[in-house]
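Participant: First the structure, which I've put down as structure tokens, then a few questions once you've had a look.
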Amino acid sequence: MARRVLAALCAALLIVAVAGDEPASDITLKDVTVSLLEASGTPASVQQMAGPSTGRLGALDHTRTMKVSLATALASAPDEDFRPQQVFLRLTSRVSGGAAYFAAVKAKDGTLYATAKSADIQKQVGLQSGAYDATLLVGDTRSAQPVQWSLGEVQVLHPPLDDGSQPEGAAYRAMDRLFTPLPEILHMHRKPERRAPAIVSLVFTLLAAAPVVLYVGVALQLGGNLKGFPSGAGFLAAAGFHLGLLAILALYLLFWIQLNLMQAGWGGCCLPYQCWWCWRL
Numbered sequence: 093m094a095r096r097v098l099a100a101l102c103a104a105l106l107i108v109a110v111a112g113d114e115p116a117s118d119i120t121l122k123d124v125t126v127s128l129l130e131a132s133g134t135p136a137s138v139q140q141m142a143g144p145s146t147g148r149l150g151a152l153d154h155t156r157t158m159k160v161s162l163a164t165a166l167a168s169a170p171d172e173d174f175r176p177q178q179v180f181l182r183l184t185s186r187v188s189g190g191a192a193y194f195a196a197v198k199a200k201d202g203t204l205y206a207t208a209k210s211a212d213i214q215k216q217v218g219l220q221s222g223a224y225d226a227t228l229l230v231g232d233t234r235s236a237q238p239v240q241w242s243l244g245e246v247q248v249l250h251p252p253l254d255d256g257s258q259p260e261g262a263a264y265r266a267m268d269r270l271f272t273p274l275p276e277i278l279h280m281h282r283k284p285e286r287r288a289p290a291i292v293s294l295v296f297t298l299l300a301a302a303p304v305v306l307y308v309g310v311a312l313q314l315g316g317n318l319k320g321f322p323s324g325a326g327f328l329a330a331a332g333f334h335l336g337l338l339a340i341l342a343l344y345l346l347f348w349i350q351l352n353l354m355q356a357g358w359g360g361c362c363l364p365y366q367c368w369w370c371w372r373l
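This note's numbering applies: residue 93 is where the sequence shown begins, and numbers increase by one.
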């Protein structure tokens with residue numbers, strides 16, 4: 093919103109700068125109407141402006157919309173369908189001097205109109221209630237002089253506090269925010285997930301090491317007797333059985349330090365079957 097207003101104001105200055113390139117003519121305003129509309133769209137007040145005025149227009153609270161409609165013409169060509177290049181409604185706070193700008197758009201019947209709400213005013217000048225001077229600003233390259241048409245005074249009221257009083261806020265200009273540094277973005281890394289107690293890790297470690305301890309204990313109890321190791325055809329079955337046990341132990345170790353469950357699952361399914369088959373032989 094602020095960027096559009098800034099661009100429109102720059103365009104208005106450009107219009108004034110190049111106004112001398114073509115024959116100039118005065119801009120005339122007619123059918124200027126100021127309406128305060130309720131939330132339902134019904135008019136709370138309607139005032140026809142025959143000329144600039146400093147009178148009171150009413151109260152623009154947070155439930156109402158201020159609508160200013162007008163028609164324009166060039167004095168040198170009053171019958172020509174003329175639409176100025178720049179038409180703004182300006183609301184200036186009498187307390188801080190901050191101004192809010194609202195660009196006019198074309199209606200279906202060819203007239204121009206601009207609307208303003210208290211929330212839109214707050215976005216441009218801050219949370220300031222009280223008296224505002226309403227002014228129409230009209231400019232075009234074919235005009236010798238831009239038009240400043242005073243509409244009068246409007247009371248801007250923001251949503252009240254619980255005690256019924258108007259909120260107070262520091263004044264600021266929306267255009268100033270374009271040139272102020274933005275707040276620093278602090279990146280927050282994801283917090284580490286909660287880990288299980290140390291006793292859980294210790295128990296699972298003991299369970300994983302239990303088969304190895306059991307195998308070593310049984311081997312020591314029985315004693316190693318290589319002389320009784322079978323020979324001939326029985327040697328292959330015995331060697332396959334013991335190699336299968338060693339492969340299972342190696343698979344335990346690899347699963348502990350490198351492999352995941354899916355990778356170790358194939359060996360965990362095949363190696364016990366190999367040991368069983370060799371034992372049957």
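The beta carbon of each residue, even a glycine, is placed where N, CA and C say it ideally should be.
All figures in this text were calculated on a predicted structure; none of them were measured in a lab.
Go through its chain and collect everything with a Cβ distance to V179's Cβ below 6 Å, but skip five positions before and after it.
Facilitator: Translated into the one-based positions of the sequence shown, residue 179 becomes position 87. Only A196, L204, V230 meet the Cβ criterion.
Participant: Would you call Q216 buried or exposed, if buried means 16 or more other Cβ atoms sit within 10 Å of its Cβ?
Facilitator: Within the sequence shown, numbered from 1, the residue matching residue 216 stands at position 124. The residue in question, Q216, is buried, as its Cβ has 16 or more Cβ neighbours within 10 Å.
Participant: R156: buried (16+ other C-beta within 10 angstroms of its C-beta) or exposed?
Facilitator: For the purposes of this step, residue 156 is taken as the residue at position 64 of the sequence shown. Looking at its Cβ environment, which holds 16 or more other Cβ atoms inside 10 Å, R156 is buried.
Participant: Once DSSP output is grouped into helix, strand and coil, what is the label at V187?
Facilitator: Taking the first residue of the sequence shown as 1, we reach residue 187 at position 95. It is coil, neither helix nor strand.
Participant: Hey, could you find the ends of the alpha helix (DSSP H) I291 is sitting in?
Facilitator: Within the sequence shown, residue 291 is the residue found at index 199, counting from 1. It spans 290-314 - the alpha helix (DSSP H) in which I291 sits, taken as one unbroken run.
Participant: Report the residue from L351, F296, D173 whose alpha carbon sits nearest the alpha carbon of L121.
Facilitator: In the sequence shown, residue 121 corresponds to position 29, counting from 1. If we check each option's Cα against that of L121, D173 comes out closest.
Participant: I need the DSSP call for A131, collapsed to helix, strand or coil.
Facilitator: Locating residue 131 in the sequence shown gives position 39, counting from the first residue. In the structure shown, A131 sits in coil (DSSP, three-state: anything other than H, G, I, E or B).
Participant: Beta-carbon within less than 7 Å of G332's beta-carbon, same chain only, minus the 5 sequence neighbours each way: which residues are those?
Facilitator: Numbered from 1 along the sequence shown, position 240 holds the residue referred to as residue 332. Taken in chain order, the residues that qualify are Q366, C370.
Participant: Among S242, G133, A208, which has the Cα closest to the Cα of S145?
Facilitator: Counting from 1 along the sequence shown, the entry for residue 145 is found at position 53. Of the listed residues, the one whose Cα sits closest to S145 is S242.
Participant: Can the beta-carbon of A151 be found closer than 8 Å to that of L183?
Facilitator: Position 59 of the sequence shown holds residue 151. Position 91 of the sequence shown holds residue 183. No.
Participant: Specify, as a first and last residue, the run of the beta strand (DSSP E) that A163 falls within.
Facilitator: Within the sequence shown, the letter at position 71 stands for residue 163. Start and end: 157-166.
Participant: Answer with buried or exposed for F327, where buried requires no fewer than 16 other C-beta atoms within 10 angstroms of its C-beta.
Facilitator: Taking the first residue of the sequence shown as position 1, residue 327 is located at position 235. By the neighbour-count rule (16 or more Cβ atoms within 10 Å), F327 is not buried but exposed.
Participant: Out of curiosity, what's the CA-to-CA distance linking M141 and D255?
Facilitator: Along the sequence shown, one-based indexing puts residue 141 at 49. Along the sequence shown, one-based indexing puts residue 255 at 163. One C-alpha to the other measures close to 37 Å.
Participant: Is the beta carbon of D201 sitting closer than 8 Å to the one on L162?
Facilitator: In the sequence shown, the residue the question calls residue 201 occupies position 109. In the sequence shown, the residue the question calls residue 162 occupies position 70. Cβ distance not < 8 Å, so D201 and L162 don't count as in contact.
Participant: Distance, Cα to Cα, S137 vs L129?
Facilitator: Taking the first residue of the sequence shown as 1, we reach residue 137 at position 45. Taking the first residue of the sequence shown as 1, we reach residue 129 at position 37. Taking the straight line from one Cα to the other gives about 7 Å.
Participant: Note the first and the last residue of the continuous beta strand (DSSP E) segment covering G222.
Facilitator: The sequence position of residue 222 within the sequence shown is 130, counting from 1. Its beta strand (DSSP E) spans residues 222-231.
Participant: Mapping the DSSP letters down to three states, classify K215 as helix, strand or coil.
Facilitator: Locating residue 215 in the sequence shown gives position 123, where the first residue counts as 1. If DSSP states are grouped into helix, strand and coil, K215 belongs with the helices.
Participant: Using beta-carbon positions only, say whether K228 and D153 come within less than 8 Å of one another.
Facilitator: For this step, residue 228 is matched to residue 136 along the sequence shown. For this step, residue 153 is matched to residue 61 along the sequence shown. This sequence places Leu at residue 228; Lys is not what is there. No, the pair does not count as a contact, with Cβ atoms beyond the cut-off.
Participant: What residue from G133, G147, S132 has the CA that sits closest to Q139's CA?
Facilitator: Counting from one through the sequence shown, the residue named residue 139 turns up at place 47. Of the candidates G133, G147, S132, the one whose C-alpha sits nearest the C-alpha of Q139 is G147.
Participant: Classify A191: buried if its beta carbon has 16 or more other beta carbons within 10 angstroms, exposed otherwise.
Facilitator: By one-based count along the sequence shown, residue 191 stands at place 99. Answer is buried; the Cβ neighbour count reaches 16.
Participant: Report the rounded CA-to-CA distance for V305 versus Q355, giving the unit in angstroms.
Facilitator: Locating residue 305 in the sequence shown gives position 213, where the first residue counts as 1. Locating residue 355 in the sequence shown gives position 263, where the first residue counts as 1. The straight-line gap from Cα to Cα measures roughly 24 Å.
Participant: Could you tell me which residues DSSP pairs with Q140 in its beta bridges?
Facilitator: For the purposes of this step, residue 140 is identified with residue 48 of the sequence shown, where counting begins at 1. Paired residue(s): T125.
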